[in-house]
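In what follows, a single structure is set out as structure tokens and then discussed.
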Amino acid sequence: MPHVREHTLDGTRGPIAVREWPHPAPRYLALVVHGYGEHAGRYDGLAAVLNAHGAAVYGPDHVGHGRSAGERVVIEDFEDVVTDVHGAADLARSAHPGLPLVLVGHSMGGLIAARYAQRHGAELNALVLSGPVIGAWELPGRLLALPEIPDVPVSPAALSRDPAVGAAYAADPLVWHGPMRRPTLEAFVRTLETVEKSGDVGGLPLLWLHGDDDRLVPLPGSRTGVERLSGGRLTRRIFAGARHEVFHETEPDRAAAFAEVRRFLDRTLPGRPPNGPCGTAG
Numbered sequence: 013m014p015h016v017r018e019h020t021l022d023g024t025r026g027p028i029a030v031r032e033w034p035h036p037a038p039r040y041l042a043l044v045v046h047g048y049g050e051h052a053g054r055y056d057g058l059a060a061v062l063n064a065h066g067a068a069v070y071g072p073d074h075v076g077h078g079r080s081a082g083e084r085v086v087i088e089d090f091e092d093v094v095t096d097v098h099g100a101a102d103l104a105r106s107a108h109p110g111l112p113l114v115l116v117g118h119s120m121g122g123l124i125a126a127r128y129a130q131r132h133g134a135e136l137n138a139l140v141l142s143g144p145v146i147g148a149w150e151l152p153g154r155l156l157a158l159p160e161i162p163d164v165p166v167s168p169a170a171l172s173r174d175p176a177v178g179a180a181y182a183a184d185p186l187v188w189h190g191p192m193r194r195p196t197l198e199a200f201v202r203t204l205e206t207v208e209k210s211g212d213v214g215g216l217p218l219l220w221l222h223g224d225d226d227r228l229v230p231l232p233g234s235r236t237g238v239e240r241l242s243g244g245r246l247t248r249r250i251f252a253g254a255r256h257e258v259f260h261e262t263e264p265d266r267a268a269a270f271a272e273v274r275r276f277l278d279r280t281l282p283g284r285p286p287n288g289p290c291g292t293a294g
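Taken in order, the sequence shown gives residues 13 to 294; the numbers are from the numbering used here.
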């Protein structure tokens, strides 16, 4: 497991915890944007792959998530979360000025990353979306139509075909194991509409990864959003039988997802990858 440093930033609604997986001489920066109810610490595996590929990796815990301040899983405005993520990017750039910046967003983090790219795309060199909440996502509307939000947490089995992933998720004290919150659902609806109306990301290279058995963020609805967001430089990889978290899937899909990210970055980032196994597409 890679070495980790912890930082605290002044966020829009209180202190934000930022996890750093440092690199002694990085050639680029990677910013990991986690999903609903979880935290950046669940991305140690992805961070290790990106470290080996030459990245200094940073990951904020969003307001109300993980080690950050705020009422649990309550997000009243995703624009504030984008601003917090931008603060984490500033932290990374201040430590390593002039390096290319890659944004990797998973699930809810994909929505945040998409909005970030619309607001700050000129600062990015590449965008990676994994199982992104974007496009036609029907769950918030269905839940908001009910008089009370059901007390039903995310099913660990929906994350991956690997039982160990679900078991670790269920036992993680920093993961939210309760129901979705009405303010957050309302913010999802507003931000999905905002992303839809705010145009594409132009020439920003975009990699989209998704499992075709994703029952939390179904593939067809996400596809419409990703294709609308892309300005034409879209690379996609759909994994047959995979569930919501392709970076935590069973082998060989997990390794294939990591390899797709490395190949995509080798094609899109300035300069050539370093010699040796760390720079191979895998």
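Even glycine gets a Cβ: it sits at the ideal position worked out from N, Cα and C.
These figures come from a predicted structure and were not determined experimentally.
Helix, strand or coil for E239, going by three-state DSSP, please let me know. For the purposes of this step, residue 239 is identified with residue 227 of the sequence shown, where counting begins at 1. Looking at E239 - three-state DSSP - the assignment turns out to be helix.
Run the CB neighbour count on T20, radius 10 Å, all protein chains shown included, and call it buried at 16 or more, exposed below. As a working mapping, residue 20 is identified with position 8 in the sequence shown. It counts as exposed.
Distance between G78 and R25 (C-alpha atoms, nearest Å): Against the sequence shown, residue 25 aligns to sequence position 13. Against the sequence shown, residue 78 aligns to sequence position 66. If you take the alpha carbons of R25 and G78, they lie about 15 Å apart.
When the Cα atoms are used, what is the spatial distance from P168 to P38? Along the sequence shown, read from residue 1 onward, the residue named residue 168 stands at position 156. Along the sequence shown, read from residue 1 onward, the residue named residue 38 stands at position 26. Approximately 34 Å, taken between the alpha carbons.
Beta-carbon separation of W149 and S80 under 9 Å? Here residue 149 refers to the residue found at position 137 when the sequence shown is read from its first residue. Here residue 80 refers to the residue found at position 68 when the sequence shown is read from its first residue. In this structure, S80 does not lie closer than 9 Å to W149 by Cβ.
Separation of G244 from H51, as counted between CA atoms: Taking the sequence shown and counting its residues from 1, the one referred to as residue 51 is at position 39. Taking the sequence shown and counting its residues from 1, the one referred to as residue 244 is at position 232. So the alpha carbons of these two residues sit roughly 31 Å apart.
Quick one: Cα of A104 to Cα of L58, how far? Start at 1 with the first residue of the sequence shown, and residue 104 comes out as number 92. Start at 1 with the first residue of the sequence shown, and residue 58 comes out as number 46. C-alpha separation (whole angstroms): 17 Å.
Spatial distance of G110 from A157 (CA atoms): As a working mapping, residue 110 is identified with position 98 in the sequence shown. As a working mapping, residue 157 is identified with position 145 in the sequence shown. Straight-line Cα distance between these residues: approximately 48 Å.
Which same chain residues, not among the five before or five after P27, have their C-beta less than 6 Å away from its C-beta? Working through the sequence shown from its first residue, we reach residue 27 at position 15. Excluding positions up to five away in sequence, the list reads T20, A81.
Between which two residues does the alpha helix (DSSP H) harbouring E208 extend? For this step, residue 208 is matched to residue 196 along the sequence shown. Looking at the DSSP string, the run of the alpha helix (DSSP H) that includes E208 is 194-209.
Pair within 9 Å by beta-carbon distance, R138 and L277: Walking along the sequence shown from the start, residue 138 turns up at place 126. Walking along the sequence shown from the start, residue 277 turns up at place 265. Inspection of the sequence shows that residue 138 is occupied by Ala rather than by Arg. Going by beta carbons, A138 and L277 fall inside the 9 Å limit.
C-beta atoms of T236 and G122 nearer than 9 Å: As a first step, residue 236 is located in the sequence shown; it is residue number 224 there, counting from the start. As a first step, residue 122 is located in the sequence shown; it is residue number 110 there, counting from the start. Result no, Cβ atoms of T236 and G122 do not sit closer than 9 Å.
DSSP has L70 in a bridge; who is on the other side? If you number the sequence shown from 1, residue 70 lands on position 58. Looking at the sequence itself, residue 70 is Tyr, so the reference to Leu does not match. Under the DSSP definition of a beta bridge, Y70 partners with E32, L43.
Could you check whether P112 and L41 sit closer than 9 Å to each other, using their CB atoms as the reference points? Position 29 of the sequence shown, counted from the start, is the residue given in the question as residue 41. Position 100 of the sequence shown, counted from the start, is the residue given in the question as residue 112. P112 sits close to L41, with the two beta carbons spaced by under 9 Å.
Per DSSP, which residues does P27 bridge with? Please list them. As a working mapping, residue 27 is identified with position 15 in the sequence shown. In DSSP, P27 forms a bridge with D22.
By DSSP, does R266 sit in helix, in strand, or in coil? Position 254 of the sequence shown, counting from 1, holds the residue named residue 266. Correct three-state label for R266: helix.
Identify the residues that DSSP records as bridge partners of F251: which are they? Taking the sequence shown and counting its residues from 1, the one referred to as residue 251 is at position 239. As DSSP reads the structure, F251 sits in a beta bridge with G223.
V229 versus L171, L218, S242, residue with shortest Cα-Cα distance: Taking the sequence shown and counting its residues from 1, the one referred to as residue 229 is at position 217. Here the closest residue by C-alpha is L171.
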